[in-house]
Structure formats: C-alpha cells, structure tokens
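Engineer: So for the sequence shown, my numbering puts the first residue at 6; every next one is plus one. First, the structure itself, so that you have it in front of you.
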Amino acid sequence: ESHSFVSRVLMENLGKSDGVVFTPGTPDPEPPLLHISPPRLLYEALKLFPQQFNIEYFIAVNAARFPARTSHFYRLANIFAMREHDIQVLEQINGSRSVTDLLQITNNRHDTALFLNFLHLLGMISLLPAPGNEALPGFFQKSLFNRPLDDVTVVEETLIGFDDIVEEVAENVVMSMGSSGMAAPLSEAEISFEQAVQREFSLIRDKNYYAIFGMTPAKFSFNSLKEAYFAKVREYSPERFMELSGATSDMAQEILSIYAEAYNTLSNVVAKERYDEMLNDNKTMGIDGKQDGELHARIQFQSGQVFLDMGEFDNAEKALQDAYTLEPDHAGHAAFLAWAIYCNNANKGSRAAMERARALLAKSLQIEKSAEAFAFRGWMLFDEGRDGLAEGDFSKALKLNPREPNAAKGMKLIQDKKESEKKGVLRRFFS
Numbered sequence: 006e007s008h009s010f011v012s013r014v015l016m017e018n019l020g021k022s023d024g025v026v027f028t029p030g031t032p033d034p035e036p037p038l039l040h041i042s043p044p045r046l047l048y049e050a051l052k053l054f055p056q057q058f059n060i061e062y063f064i065a066v067n068a069a070r071f072p073a074r075t076s077h078f079y080r081l082a083n084i085f086a087m088r089e090h091d092i093q094v095l096e097q098i099n100g101s102r103s104v105t106d107l108l109q110i111t112n113n114r115h116d117t118a119l120f121l122n123f124l125h126l127l128g129m130i131s132l133l134p135a136p137g138n139e140a141l142p143g144f145f146q147k148s149l150f151n152r153p154l155d156d157v158t159v160v161e162e163t164l165i166g167f168d169d170i171v172e173e174v175a176e177n178v179v180m181s182m183g184s185s186g187m188a189a190p191l192s193e194a195e196i197s198f199e200q201a202v203q204r205e206f207s208l209i210r211d212k213n214y215y216a217i218f219g220m221t222p223a224k225f226s227f228n229s230l231k232e233a234y235f236a237k238v239r240e241y242s243p244e245r246f247m248e249l250s251g252a253t254s255d256m257a258q259e260i261l262s263i264y265a266e267a268y269n270t271l272s273n274v275v276a277k278e279r280y281d282e283m284l285n286d287n288k289t290m291g292i293d294g295k296q297d298g299e300l301h302a303r304i305q306f307q308s309g310q311v312f313l314d315m316g317e318f319d320n321a322e323k324a325l326q327d328a329y330t331l332e333p334d335h336a337g338h339a340a341f342l343a344w345a346i347y348c349n350n351a352n353k354g355s356r357a358a359m360e361r362a363r364a365l366l367a368k369s370l371q372i373e374k375s376a377e378a379f380a381f382r383g384w385m386l387f388d389e390g391r392d393g394l395a396e397g398d399f400s401k402a403l404k405l406n407p408r409e410p411n412a413a414k415g416m417k418l419i420q421d422k423k424e425s426e427k428k429g430v431l432r433r434f435f436s
C-alpha cells in the first residue's frame with residue numbers, strides 16, 4: 006500500500022513540473038524507508054503524462070539521428086516489463102535506422118516517439134549523427150526478457166557438472182579426517198574453520214532436511230528447528246568467511262543456501278506436508294546440487310497448487326515463483342505461476358503483471374500443450390469479453406483432459422450465457 010501511494014503521488018506531481026529529466030545522483034546518507042525504482046516509475050508515467058515528454062520537440066531535434074543501444078541499456082532493460090508495442094520498436098533499433106525510419110516502420114508514431122524519448126532520457130540509447138555500431142553489455146547476461154514472444158524458443162540448457170571437483174574435495178576431506186590406518190581424526194578444536202566447512206560440505210550431501218538439523222520427522226519441533234538454523238547462521242558469520250579461500254568460500258555459501266531452503270521448507274506447514282509425502286514415498290531425498298534444486302522446485306510447485314486451492318493467491322504466487330525460478334523450462338511451473346499472478350488481487354491494477362501472466366502462459370504452451378494452460382488462458386480471454394476465443398481454449402483443454410475443472414466451469418458459464426441471450430432475443434421477438 007505504501008509503495009502504491011508513493012508511486013501515485015510521484016506520478017501525480019509529475020504533471021506539475023516543466024518537463025521530465027532523469028539525472029542519476031548520489032544517494033542520501035540514510036536510505037529511504039521505501040525503495041522506488043525511478044526507471045520503472047518513469048516508464049509508467051509515459052502513458053499517464055505524455056504531454057510532459059514534449060514529443061514534437063524531440064522529433065524535430067532528433068529526426069535525422071540514429072538510435073543505438075548503450076552499455077547502460079543492458080543494466081536497465083530487465084528492470085521493468087515493456088509493452089508489446091515498445092518491444093516491437095526495440096527490435097527495430099540497430100544503430101542504422103534513423104528516428105524518422107523508426108516512426109515510419111511502426112504503426113503508432115506518438116507512442117514510438119514517447120518510447121524513444123524515454124530510452125534517451127535514461128541513457129539506454131544514444132542518438133548518433135550517423136549510422137554506427139551499438140554497444141555491447143560489457144558483462145555476462147543470460148537473456149533479455151523484453152523481446153517478442155514469437156522469438157521465444159525452448160532451448161535445453163547445458164548444465165555444467167562439478168562432480169569431478171566434488172570427488173576431489175571429498176578425497177581431501179577424507180585425508181584431513183584421517184582413516185583407520187592413520188592417526189585419530191582431528192578434534193573440533195584442532196581443525197581449522199576451512200577444514201570444518203569442507204567436512205560439513207561432504208557430510209551434508211546425503212542427508213534429508215530433518216537430518217541436517219539433527220532431527221527426525223517423528224521428533225520435529227519448530228523451536229528446535231529455529232534454534233538450530235540460527236545457530237548455523239551465526240556459525241557462518243561474515244567474519245568467518247574472511248578466513249576461507251575462494252573455493253571453500255563457495256562451499257560455505259552452498260551450505261548456507263541448503264540450510265536456508267531446508268528451514269523455509271520445514272517452517273512452512275504446506276511445504277512441510279509436501280516434503281513429508283515425498284519422504285514417505287521412499288524417494289531419494291539426499292542433498293546433492295541439481296537433485297536438491299529439483300526437489301525444492303517440486304515442493305514449492307505442489308505447495309503453490311495447494312495455496313491456489315485454498316484461495317491464498319499471494320502465498321501461491323510466492324511458492325510458484327520459487328518453483329519457476331529453479332526450473333524455468335517446466336511447463337506446469339510457468340502455467341500455474343501465470344494463474345496465481347492473474348488471480349492475485351494485489352496485481353489487478355498492474356498492467357505489467359497481467360502481461361507477464363499472459364507471457365508465461367504463452368511460454369508454457371510452447372513447451373507443452375496442457376489442459377491447465379488452455380483453461381487458464383480461456384478464463385483470461387473470457388474476462389476480457391472475448392467469449393469465442395475463450396470457448397475455443399476451454400474446448401482444447403477438455404479434449405486433453407475431460408475432467409479439467411476450470412475448463413468445465415468456464416464452458417458451462419459460456420453455454421449458460423448463450424442460452425440466456427437466446428431467451429432474451431426470443432422474448433423481445435414475441436413481445
């Protein structure tokens with residue numbers, strides 16, 4: 006609520022200024038209680054206060070110049086969700102097309118000029134006097150989110166394995182701990198913190214979430230969980246990290262991450278139930294990198310589905326976002342996250358959130374045609390008043406799964422609506 010209030014006040018007062026100028030500055034000594042993203046706020050202001058951006062002056066001065074991405078563009082491009090028209094304009098910018106060319110290529114001259122002015126204000130593009138090359142990111146960037154959906158293809162990621170490194174580390178740990186043919190293992194007081202981290206990293210991999218906290222499902226206690234977790238966090242304090250070499254520091258970070266995921270899972274009632282079900286199924290529950298990520302994604306996905314059934318859409322969105330982050334190419338994660346975003350009342354006034362929900366559904370259907378994704382998209386179309394398209398998606402969903410509840414409910418609603426309209430026409434005809 007505070008964020009919405011501050012955003013609204015800032016945009017309302019934008020109309021009282023002489024014009025929009027974005028100037029990065031040094032932060033205040035004390036950080037504000039509430040953080041607002043100026044680029045995101047300014048982007049939303051494009052539609053609310055277009056007159057403040059003086060578009061005709063921008064066109065008159067820069068018509069013959071050639072927009073080209075700067076290195077700063079890649080720092081800001083993923084901060085906010087762009088509109089479809091703006092993404093199309095962005096795809097045409099290459100350093101060799103002038104402002105005039107871009108205004109002619111796109112359908113909406115006014116919105117195109119607004120967007121170009123916005124990019125220029127933030128330093129995301131430079132306006133060159135002659136055609137030139139665009140800047141490169143200057144840092145590793147996995148992907149740019151704002152791109153046409155038609156270009157999104159499902160690419161199988163190449164996972165880099167570290168099994169050989171782990172094996173070498175494990176051997177070193179065994180050597181430091183000793184063996185039957187050597188002297189007794191070092192005591193806790195005798196080993197260094199670095200050796201302790203290596204030992205814990207080796208031992209923790211084959212334990213489930215209960216075991217790493219020294220508990221069992223039958224003897225679980227939230228107070229004991231809390232005490233064990235925060236004791237571990239204190240043990241891995243920032244000061245202790247300074248004692249570690251680079252490779253061991255990475256191990257310590259991984260250990261803390263595992264403890265955090267275990268704590269978050271066991272301290273959440275819904276997630277804990279899902280985890281206990283998997284333990285009872287006698288599935289392998291050891292913690293070993295990729296497997297642990299898949300396990301956590303599965304727990305969060307199932308928890309999100311439960312929250313959806315309970316109508317707790319905010320919790321559902323958080324859980325499904327975790328699952329999607331861990332496995333972004335899973336069709337179900339994308340589809341159910343889209344539905345959670347769409348159903349969450351906190352997102353109803355956000356156009357960016359609604360566009361993200363539609364984009365996630367499109368991605369899900371590209372990966373795999375599922376009844377749930379078609380049903381969710383059908384409801385979005387129905388809410389927009391596009392009954393014909395909604396009926397088509399409900400029909401596709403029911404062909405894949407005749408028992409899909411959302412599709413069946415939507416199809417019945419459309420049929421009832423048709424019957425009601427038919428009776429109304431007949432009543433007017435015979436009256």
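Every residue, glycine too, gets a C-beta built ideally from N, C-alpha and C. Nothing here was measured: the structure is a model prediction, and the numbers come from that model.
Considering just the uninterrupted stretch of the beta strand (DSSP E) at Pro243, what are its terminal residues?
Structural biologist: Unbroken run through Pro243 is the alpha helix (DSSP H), 243 to 246; no beta strand (DSSP E).
Engineer: Throw me the rounded Cβ distance for the Ala516 and Ala412 pair, which I believe falls under 8 Å.
Structural biologist: What the structure shows of the chain is the stretch from 6 to 436, and residue 516 is not part of that stretch, so it cannot be assessed.
Engineer: Hey, how far is the Cα of Gln203 from the Cα of Leu313?
Structural biologist: Cα-Cα distance, rounded: 41 Å.
Engineer: Can you tell me whether DSSP reads Pro410 as helix, strand or coil?
Structural biologist: Reduced to three states, the DSSP call for Pro410 is helix.
Engineer: Pick helix, strand or coil for Leu133, following the three-state DSSP scheme.
Structural biologist: Strand, per DSSP.
Engineer: Does the pairing of the segment 319 to 327 with the segment 298 to 307 give three or more beta-carbon distances under 8 Å?
Structural biologist: As far as the Cβ criterion goes, the segment 319 to 327 touches the segment 298 to 307, which means the pair count is three or higher.
Engineer: Which residue marks the beginning of the beta strand (DSSP E) containing Ala73, and which one marks its end?
Structural biologist: Where Ala73 is concerned, the enclosing beta strand (DSSP E) stretches over 71 to 74.
Engineer: How long is the line joining the alpha carbons of Ser425 and Leu418, rounded to whole angstroms?
Structural biologist: So the two alpha carbons sit approximately 10 Å from each other.
Engineer: Starting from the C-beta of Glu162, find all residues in its chain whose C-beta is less than 7 Å away, skip the five residues before and the five after it, and write them out in chain order.
Structural biologist: Here Glu162 scores only 43 on pLDDT, less than 50, and its place in the model is too uncertain to base an answer on.
Engineer: Would you call the segment 262 to 274 and the segment 207 to 220 touching, i.e. three or more CB-CB distances under 8 Å?
Structural biologist: Enough Cβ pairs lie closer than 8 Å, so yes.
Engineer: Just confirm the distance between the C-beta atoms of Lys374 and Leu405, as a whole number of angstroms; I'd bet it's less than 8 Å.
Structural biologist: That pair is a contact at about 7 Å.
Engineer: Compute the distance between the beta-carbons of Leu107 and Leu124, then report whether it is under 8 Å.
Structural biologist: No, the Cβ-Cβ distance between Leu107 and Leu124 is not below 8 Å.
Engineer: Between the C-alpha atoms of Phe206 and Met256, what's the straight-line distance to the nearest angstrom?
Structural biologist: One C-alpha to the other measures close to 7 Å.
Engineer: Determine the extent of the alpha helix (DSSP H) in which Asn320 is found, giving its start and end residues.
Structural biologist: Residues 318 to 331.
Engineer: Could you tell me whether the Cβ atoms of Ala339 and Lys368 are closer together than 8 Å?
Structural biologist: For Ala339 and Lys368, yes; Cβs fall inside 8 Å.
Engineer: From Arg74 to Phe306, what distance separates their C-alpha atoms?
Structural biologist: Computed Cα separation, rounded: 38 Å.
Engineer: Do you know whose CA, among Phe85, Glu199, Gln97, lies nearest Leu149's CA?
Structural biologist: With distances taken between Cα atoms, Leu149 lies closest to Phe85.
Engineer: Is the Cβ-Cβ distance between Phe387 and Ala345 less than 8 Å?
Structural biologist: Not closer than 8 Å, so no.
Engineer: Can you give me the C-alpha to C-alpha distance between Ser308 and Val94, rounded to a whole angstrom?
Structural biologist: Going by the C-alpha atoms only, they are around 39 Å apart.
Engineer: Could you give the distance in angstroms between the alpha-carbon of Ser226 and the alpha-carbon of Tyr241?
Structural biologist: Rounded to the nearest angstrom, the two C-alpha atoms are 23 Å apart.
Engineer: Can you tell me the Cβ-Cβ gap for Leu230 and Tyr268, rounded? I've got them flagged as a contact below 8 Å.
Structural biologist: So it is a contact: roughly 7 Å between Cβ atoms.
Engineer: Does the Cβ of Ala376 have 16 or more other Cβ atoms within 10 Å, making it buried, or fewer, making it exposed?
Structural biologist: Buried, since its Cβ has 16 or more Cβ neighbours within 10 Å.
Engineer: Compute the Euclidean distance between the alpha carbons of Gln2 and Arg80, then round it to the nearest angstrom.
Structural biologist: Residue 2 lies beyond the residue range present for the chain, which begins at 6 and ends at 436; the question has no answer from this structure.
Engineer: Leaving out five residues on either side along the sequence, give the residues of the same chain with a beta carbon under 8 Å from the beta carbon of Asn273.
Structural biologist: If we look at Asn273 and ignore the five residues flanking it on each side, its Cβ neighbours are Ser308.
Engineer: Smallest Cα separation from Glu49: which of Val275, Leu366, Ala358?
Structural biologist: Closest by alpha carbon: Ala358.
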